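Student: Below is the structure I would like to discuss, written out as structure tokens.
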Amino acid sequence: MKSHINARNVIVALVALGLTLLPAYSALTGNIFILTLFTRIVIFALAAASLNLIMGYGGMMSFGHAAYLGIGGYAVGILAHEGIGSGFIQWPVALALSALYALVIGALSLRTRGVYFIMITLAFAQMAYYIASGLSRYGGDDGLTIYKRSTFGGLIDLSNRVQFYYLCLACLFGGVYLIWRIINSRFGMVVQGVRSNEQRMQAIGFHANRYRLVCFVISGTICGLAGALLANNTDFISPAGMYWTRSGELMVMVVFGGMGSLFGPVLGTIVFLLLEEVLSQFTEYWALIMGPLLLLIVLFARGGIMGLLGRLSRG
Amino acid sequence: MKKAFWLAGATILALAQPALAGDTIKIGFISTFSGPTAVIGNDMRNSFELALDHLGRKMGGKPVEVIYEDDGQKPDVGKQKTEKLIQSDKVDFVVGYIWSNVLLASLKTAVDSKTFLITSNAGPSQLAGELCSPYVFSTSWQNDQTPQAVGTYMNQKGVKSVFLIGPNYAAGKDMLAGVKSTFKGQVVGEEYTVWPSQLDFSAELTKAKNSKAESIFVFYPGAAGVQFLNQYAQAGLKGQIPLYTAFTIDELSLPLQKENAIGVPGAQQWVNDLPFPENKKFVEDYRKKYTGLRPTFYGAQSYDAANLVNSAVVAVKGDTSKKDEMKAEMEKANFKSVRGPFKYGNNHIPIQNFYLQDVVKDADGQLSLKTVATIVKDDQDRFHDKCPMKK
Amino acid sequence: MLVLVEQSLNGLQFGLLLFLLAAGLTLVFGIMDFVNLAHGSLYMMGAYFAATFVAWTNSFVLGVLLALGATLLLGIALEFIALRHLYGRDHLDQVLATFGLILFFNDAVRLIWGPAGLSLPLPPWLTVPVQIVPGVFYPAYRLSIIVVALAVAALLYIVVMRTKIGMLIRAGASNREMIGALGINIKLLFTLVFGLGAALAGLAGLMQAPILTVQIGMGENILILAFVIIVIGGIGSIRGAFMAAIFVGMIDTLGRAFLPDLLRTVLSSAAASTAAPALSSMLIYLLMAIVLVVRPEGLFPAAKR
Numbered sequence: 038m039k040s041h042i043n044a045r046n047v048i049v050a051l052v053a054l055g056l057t058l059l060p061a062y063s064a065l066t067g068n069i070f071i072l073t074l075f076t077r078i079v080i081f082a083l084a085a086a087s088l089n090l091i092m093g094y095g096g097m098m099s100f101g102h103a104a105y106l107g108i109g110g111y112a113v114g115i116l117a118h119e120g121i122g123s124g125f126i127q128w129p130v131a132l133a134l135s136a137l138y139a140l141v142i143g144a145l146s147l148r149t150r151g152v153y154f155i156m157i158t159l160a161f162a163q164m165a166y167y168i169a170s171g172l173s174r175y176g177g178d179d180g181l182t183i184y185k186r187s188t189f190g191g192l193i194d195l196s197n198r199v200q201f202y203y204l205c206l207a208c209l210f211g212g213v214y215l216i217w218r219i220i221n222s223r224f225g226m227v228v229q230g231v232r233s234n235e236q237r238m239q240a241i242g243f244h245a246n247r248y249r250l251v252c253f254v255i256s257g258t259i260c261g262l263a264g265a266l267l268a269n270n271t272d273f274i275s276p277a278g279m280y281w282t283r284s285g286e287l288m289v290m291v292v293f294g295g296m297g298s299l300f301g302p303v304l305g306t307i308v309f310l311l312l313e314e315v316l317s318q319f320t321e322y323w324a325l326i327m328g329p330l331l332l333l334i335v336l337f338a339r340g341g342i343m344g345l346l347g348r349l350s351r352g
Numbered sequence: 425m426k427k428a429f430w431l432a433g434a435t436i437l438a439l440a441q442p443a444l445a446g447d448t449i450k451i452g453f454i455s456t457f458s459g460p461t462a463v464i465g466n467d468m469r470n471s472f473e474l475a476l477d478h479l480g481r482k483m484g485g486k487p488v489e490v491i492y493e494d495d496g497q498k499p500d501v502g503k504q505k506t507e508k509l510i511q512s513d514k515v516d517f518v519v520g521y522i523w524s525n526v527l528l529a530s531l532k533t534a535v536d537s538k539t540f541l542i543t544s545n546a547g548p549s550q551l552a553g554e555l556c557s558p559y560v561f562s563t564s565w566q567n568d569q570t571p572q573a574v575g576t577y578m579n580q581k582g583v584k585s586v587f588l589i590g591p592n593y594a595a596g597k598d599m600l601a602g603v604k605s606t607f608k609g610q611v612v613g614e615e616y617t618v619w620p621s622q623l624d625f626s627a628e629l630t631k632a633k634n635s636k637a638e639s640i641f642v643f644y645p646g647a648a649g650v651q652f653l654n655q656y657a658q659a660g661l662k663g664q665i666p667l668y669t670a671f672t673i674d675e676l677s678l679p680l681q682k683e684n685a686i687g688v689p690g691a692q693q694w695v696n697d698l699p700f701p702e703n704k705k706f707v708e709d710y711r712k713k714y715t716g717l718r719p720t721f722y723g724a725q726s727y728d729a730a731n732l733v734n735s736a737v738v739a740v741k742g743d744t745s746k747k748d749e750m751k752a753e754m755e756k757a758n759f760k761s762v763r764g765p766f767k768y769g770n771n772h773i774p775i776q777n778f779y780l781q782d783v784v785k786d787a788d789g790q791l792s793l794k795t796v797a798t799i800v801k802d803d804q805d806r807f808h809d810k811c812p813m814k815k
Numbered sequence: 025m026l027v028l029v030e031q032s033l034n035g036l037q038f039g040l041l042l043f044l045l046a047a048g049l050t051l052v053f054g055i056m057d058f059v060n061l062a063h064g065s066l067y068m069m070g071a072y073f074a075a076t077f078v079a080w081t082n083s084f085v086l087g088v089l090l091a092l093g094a095t096l097l098l099g100i101a102l103e104f105i106a107l108r109h110l111y112g113r114d115h116l117d118q119v120l121a122t123f124g125l126i127l128f129f130n131d132a133v134r135l136i137w138g139p140a141g142l143s144l145p146l147p148p149w150l151t152v153p154v155q156i157v158p159g160v161f162y163p164a165y166r167l168s169i170i171v172v173a174l175a176v177a178a179l180l181y182i183v184v185m186r187t188k189i190g191m192l193i194r195a196g197a198s199n200r201e202m203i204g205a206l207g208i209n210i211k212l213l214f215t216l217v218f219g220l221g222a223a224l225a226g227l228a229g230l231m232q233a234p235i236l237t238v239q240i241g242m243g244e245n246i247l248i249l250a251f252v253i254i255v256i257g258g259i260g261s262i263r264g265a266f267m268a269a270i271f272v273g274m275i276d277t278l279g280r281a282f283l284p285d286l287l288r289t290v291l292s293s294a295a296a297s298t299a300a301p302a303l304s305s306m307l308i309y310l311l312m313a314i315v316l317v318v319r320p321e322g323l324f325p326a327a328k329r
């Protein structure tokens, strides 16, 4: 192992520290919105990190990850609508449904590879989108307002901005830690081995697809958690949040930050969402800048932000 | 890398600007300024700016600052922008909202923070009924009202049967329900299309044609209205099955619909030629300030919204912390609406007239909308009983 | 019965239009192994060019021809400046880079033509309905779409199967390295194919324009459908794209036409009205998922590699 003190790690540590101290800054300056904005960013970072687990380490390019955000969110929204407000019921249901969905579509999708895998995950996510828009009882296309956030029997109050922010941050750090443990475990090694050489892993005697499927389900479940958080954050859930463009944005966040690096997606999400917020304040034509920027990053900055930082560290 | 740091710094600074507490009246304005329906948002912004010009850009002696935000026609984005305006910019009022679904998503944020929300277009039925709030006012209508007037007009014309077509979202459902509530003839069929992505109506038009209905009613705002009229004419239905509309033909769509729109009636609470002095001033100055453009009902409602806000701010002499007094003043509707008679019901939805409009060639040889008759007078929406607020 | 005929014609017309878009996409994907999300932007540009040129020249036919040429040139320029650097890169890179191009084109169009959209008026001889069988009238313009698209399909078939260029294209689709090794100017071939694909997308866009308006973002929803079609048909296969496009067009239209009534027999009217449009849009994705699970290489794969 080389030294741990390099530009990349310093920046990661600074970002983590900044995220932790943000509520204090918000309280000092009286700027509530920055907390609202970063709550959203932290939740999306969790979703991007979960996508990175299968994209970056498993080599599975899922173009349908927004479906989990929707499933997690709708589980919370529908239960709340039916009068079940307890998070102890809502959240496990959200996670279980996401895992179940991932298990079913994973089992089917993993029969394909490459661009076909991209398309089949897209197909399933679009189906989930259309099912949600067909739920007339729960608002159909218009979505559903959640009038009361999940309750946890007085343990934590989700309507309190600071408490909710820290809950999301804890989920993010927890999620990243879990992913770190996974990729460094024997299981994670196999999954990464399958990505680089499937035949060899099969030959050694590993059931490649079984490992992939478990990885796929874990990723979906973490993203389902992000969905439950997001629904509580926006007090609102609609099919639009599962549309293919949202899945595309998640992919952009991962690649922006650096696919296959632990903290890359977190940085990518922060930069992507902040850029969007700031550019749209400066000019109505923000996409005129964002579009070519994306093209340039793909052409010249492979490995995303983490790749850049890595090159910086090496000198 | 340096650039990235600089950008990050700029970002933090931009977000960190503390809200300027002080002697300005702050208004947030949410509408659609990107995508195909941005024309509607632009018209609303133009009219709102014109109203501010007419007010000398001051309300209750204090300068007015307006922050415009784009909802991209998406409920979740509209909700986020509402949050930003209220929490970060600390506005006194949020105004605007074209789309019923965007408004429904944003409502809770405004009401929970006790910020006044003035909808200058969207009017979902829930807002008039169970979701009505002391902090929410409308300068438009409840969705059902306009199609109800169309239904009444169809009764007057002796129409016996109708085929209904509309988009599958909050307003689309309200509109079709509105016609059904007043139309006395037979509803032969009812079709909903995917909103806003479905643009080809061939399957629906074929069904309408084969249903042998005597007439067709549609609601398609914005570009979809252009497409519908195009396809209706190309299918040879014009002259065969008369078309009745709500919010499908306006000054924005007319230049694209052209001859296809002639002879297609619609109902509206405001038409550009209404003979009130405030309206003449609004229409003339609009055409002077924005050359080549004509104001629409979206704009007229936004112009009214600025004047409604002004009436409240003037009543408290610029002290926007006196929310109860502002609410009481707005309930009186103490301003001159460009549409003429205007009062509020218990649910803060206007009680107003609805007019029959037709498309004609005006003096310059251009197509324009013209008031033909008054269909209903002092119409109140049919959900006000469900609103817990009482007068 | 007559309703069924008419609805089938609607489905056929929609399917053939989708074919025009999918044909270019599948050529580019099959030969250069390049995923081009900006194909939808070229479709949009074709429509904007046509609306502009028809207004300038006051002639529908002349304007349309100019627009086709302009889209062809735009495609070639795009390939030359940016996209050729992405050949051989990861599909993911291509998706992201061309996603960036979509953002760029949408805002560029807004800057140049404004947000309102344009209209492309038809000459009078195309606006009348035509009686095809006694009692069934069909819009002349929709018929002309069917005719033009069938002609393009036939032309493409002849070019690909019977000419030298077509032979190279087929060779490129089945073995890229080999054709380069044979000393063929592969760069030029790729640029040509990309231009052809762009012109096809532009044609689809401008054919659709008189029915719909010309507006920003018009290419995005239909692009995903085109991708679904080339995956169902088999990537790189023109024949597959043709069959799958008609299939998808039919399913979409007939689903919208008959599903609501079918659902009303089991659901309440209100619930059926909401569920039916959603369900009929879903059918296509269901079809793709089934095809991918059962025959991942598509129904009519181009050639075995």
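Protein chains in written order, with our numbering: chain A, 38 to 352; chain B, 425 to 815; chain C, 25 to 329. Just so it is clear, CB atoms sit at the ideal spot from N, CA and C, and this is done for glycine as well. Since the model is a prediction, treat every value here as computed from it, not as a measurement.
So with Cβ pairs under 8 angstroms, would you call Lys508 (chain B) a contact of chain A?
Tutor: Chain A, which has a Cβ nearer than 8 angstroms to the Cβ of Lys508 (chain B), makes this yes.
Student: Measure the alpha-carbon distance for Ala445 (chain B) versus Lys538 (chain B) and round it to whole angstroms.
Tutor: Here Ala445 (chain B) scores only 45 on pLDDT, less than 50, and its place in the model is too uncertain to base an answer on.
Student: Can you give me the start and stop residues for the beta strand (DSSP E) that Thr795 (chain B) sits inside?
Tutor: Its beta strand (DSSP E) spans residues 791 to 803.
Student: Does the distance from the C-beta atom of Phe218 (chain C) to that of Val27 (chain C) stay below 8 angstroms?
Tutor: It is not a contact, given that the beta carbons lie outside the stated cut-off.
Student: At a cut of 8 angstroms, does the region 261 to 275 of chain A reach the region 80 to 95 of chain A through at least three beta carbon pairs?
Tutor: A contact exists between the region 261 to 275 of chain A and the region 80 to 95 of chain A.
Student: So, does the CB of Ser298 (chain A) fall closer than 8 angstroms to a CB anywhere in chain C?
Tutor: By this cut-off, Ser298 (chain A) is not an interface position.
Student: Which residue or residues does DSSP assign as beta-bridge partners of Leu479 (chain B)?
Tutor: For Leu479 (chain B), which the question treats as bridged, DSSP gives no partner whatsoever.
Student: With DSSP as the reference, identify every bridge partner of Gln692 (chain B), one or two as the case may be.
Tutor: Note: Gln692 (chain B) sits in a beta bridge opposite B:Tyr779.
Student: Between the Cα of Ala121 (chain C) and the Cα atoms of A:Val335, A:Thr258, A:Leu346, which residue gives the shortest distance?
Tutor: Cα-wise, what sits closest to Ala121 (chain C) is A:Val335.
Student: Spell out whether any CB of chain C is found under 8 angstroms from the CB atom of Ala160 (chain A).
Tutor: By this cut-off, Ala160 (chain A) is an interface position.
Student: Buried or exposed: which applies to Phe293 (chain A), given that a residue is buried once 16 or more other Cβ atoms fall within 10 Å of its Cβ?
Tutor: Buried, by the Cβ-count rule.
Student: Given a cut-off of 8 angstroms on the beta-carbon distance, is the pair Ile270 (chain C) and Leu307 (chain C) in contact?
Tutor: Not closer than 8 angstroms, so no.
Student: Buried or exposed: which applies to Gln155 (chain C), given that a residue is buried once 16 or more other Cβ atoms fall within 10 Å of its Cβ?
Tutor: It is exposed - the Cβ of Gln155 (chain C) has fewer than 16 other Cβ atoms within 10 Å.
Student: Taking only the alpha-carbon atoms, compute the straight-line gap between Leu116 (chain A) and Gln655 (chain B) and give it to the nearest angstrom.
Tutor: Whole-angstrom Cα-Cα distance: 43 angstroms.
Student: Around the C-beta of Thr576 (chain B), are 16 or more other C-beta atoms found within 10 angstroms, so that it is buried, or is it exposed?
Tutor: That one is buried.
Student: Would you say Gly723 (chain B) and Ser677 (chain B) are within 8 angstroms of each other, going by their C-beta atoms?
Tutor: Going by C-beta atoms, Gly723 (chain B) is not nearer than 8 angstroms to Ser677 (chain B).
Student: Residues of chain C with CB closer than 9 angstroms to the CB of Tyr616 (chain B), please, in chain order.
Tutor: Here the neighbours are Pro284, Ser297, Thr298, Ala300, Pro301.
Student: Does any residue of chain C have a CB that is nearer than 8 angstroms to the CB of Leu145 (chain A)?
Tutor: Output row for Leu145 (chain A): interface = yes.
Student: Quick one: residues in its chain with C-beta nearer than 7 angstroms to the C-beta of Ile799 (chain B), no 5 flanking neighbours on either side, listed in chain order?
Tutor: Cβ within range, chain order: Ala573, Thr576, Tyr577, Ala691, Phe778, Tyr779, Leu780.
Student: Suppose contacts are defined by Cβ-Cβ distances below 8 angstroms. Is Tyr309 (chain C) in contact with Met164 (chain A) by that definition?
Tutor: Yes, they are a contact pair.
Student: How long is the line joining the alpha carbons of Asn579 (chain B) and Met599 (chain B), rounded to whole angstroms?
Tutor: Going by the C-alpha atoms only, they are around 17 angstroms apart.
Student: Whose CA, out of B:Gln658, B:Tyr644, B:Ser557, lies closest to the CA of Pro145 (chain C)?
Tutor: Minimum Cα distance to Pro145 (chain C) is reached at B:Gln658.
Student: Out of C:Phe282, C:Glu321, C:Leu287, which one is the CA nearest neighbour of Ser32 (chain C)?
Tutor: Ser32 (chain C) has its Cα closest to that of C:Phe282, out of C:Phe282, C:Glu321, C:Leu287.
Student: In chain order, what residues of the same chain lie with their CB nearer than 8 angstroms to the CB of Asp508 (chain B), ignoring the 5 residues before and after it?
Tutor: Per the sequence presented here, residue 508 (chain B) reads as Lys, with Asp not at that position. Once the five neighbours on either side are set aside, the close Cβ partners of Lys508 (chain B) are Glu493.
Student: Taking Cβ positions only, does Asn199 (chain C) come closer than 8 angstroms to chain B?
Tutor: Closer than 8 angstroms: no.
Student: I'd like the span of the alpha helix (DSSP H) that includes Glu628 (chain B), first residue to last.
Tutor: Where Glu628 (chain B) is concerned, the enclosing alpha helix (DSSP H) stretches over 626 to 634.
Student: Roughly how many angstroms lie between the CA atoms of Arg223 (chain A) and Leu331 (chain A), to the nearest whole one?
Tutor: Straight-line Cα distance between these residues: approximately 35 angstroms.
Student: The alpha helix (DSSP H) with Ile665 (chain B) in it runs from where to where?
Tutor: First-last for Ile665 (chain B): undefined, no H or E at that position.
Student: Should Thr158 (chain A) be labelled buried (16 or more other beta-carbon atoms within 10 Å of its own) or exposed?
Tutor: Thr158 (chain A) comes out buried.
Student: In three-state terms, what does DSSP make of Ala445 (chain B)?
Tutor: Confidence at Ala445 (chain B) is low in this model, with a pLDDT of 45, below 50, so its placement is unreliable and no value can be given for it.
Student: For chain B, is any of its Cβ atoms less than 8 angstroms away from the one on Phe273 (chain A)?
Tutor: At least one chain B Cβ lies under 8 angstroms of Phe273 (chain A).
Student: Between the C-alpha atoms of Gly93 (chain C) and Trp80 (chain C), what's the straight-line distance to the nearest angstrom?
Tutor: Spanning the two alpha carbons is a distance of roughly 15 angstroms.
Student: Closest to Arg172 (chain C) by C-alpha separation, out of C:Ile256, C:Leu44, C:Ala313, C:Glu321, would be which residue?
Tutor: Looking at the sequence shown, residue 172 (chain C) is not Arg but Val. Ranking the options by Cα distance to Val172 (chain C), first place goes to C:Leu44.
Student: Taking only three categories from DSSP, how would you classify Lys328 (chain C)?
Tutor: Residue placement at Lys328 (chain C) is flagged as unreliable, the pLDDT there being 45, under the threshold of 50; a coordinate-derived value is accordingly withheld.
Student: Buried or exposed for Asp728 (chain B), please, with buried defined as at least 16 other CB atoms from any protein chain shown within 10 angstroms of its CB.
Tutor: Buried is the call here.
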